[in-house]
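Worksheet: one structure, shown below.
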Amino acid sequence: MSETTTWTVSGMTCGHCEASVREEISEIPGVTSVEAHHETGAVVVTSDAPLDPAAVAAAVEEAGYALT
Ligand SMILES: [Cu+2]
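Just so we're aligned, residue 5 is where the sequence shown starts under this note's numbering, counting upward by one.
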């Protein structure tokens, strides 16, 4: 089963920020796709199984941003 969740990330200001967030979240096991939108802060993550919010938060922090 594929799960899609929209997270909100603060601090993204351009396409480079989006790419950093996409790259880190893509490394979480089970993640199959990530879309990031700096205009709204929306990050849409599709995965094979529900993700641990703490893992998503850690990946976002690794990229230099924060979940809101
Ligand atoms: Cu940027």
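Positions of the beta carbon are idealized from the N, C-alpha and C atoms, including for glycine.
State the Cα-Cα distance for the pair residue i and residue j, rounded to the nearest angstrom.
{"i": "A67", "j": "T12", "result": "14 Å"}
{"i": "A5", "j": "G15", "result": "A small correction: the amino acid at residue 5 is Met; Ala does not occupy that position in the sequence shown. If you take the alpha carbons of M5 and G15, they lie about 31 Å apart."}
{"i": "P54", "j": "A63", "result": "15 Å"}
{"i": "T50", "j": "E31", "result": "12 Å"}
{"i": "V25", "j": "T72", "result": "14 Å"}
{"i": "E43", "j": "C21", "result": "11 Å"}
Where does residue i sit, in a helix, a strand or coil, going by DSSP?
{"i": "H41", "result": "strand"}
{"i": "E31", "result": "coil"}
Name the one or two DSSP bridge partners that residue i has.
{"i": "T12", "result": "A46"}
{"i": "A70", "result": "S14"}
{"i": "S51", "result": "E7 and V35"}
Residues passing the C-beta test against ligand 1 heavy atoms, cut-off 7 Å: M16, T17, C18, G19, H20, C21 and H42
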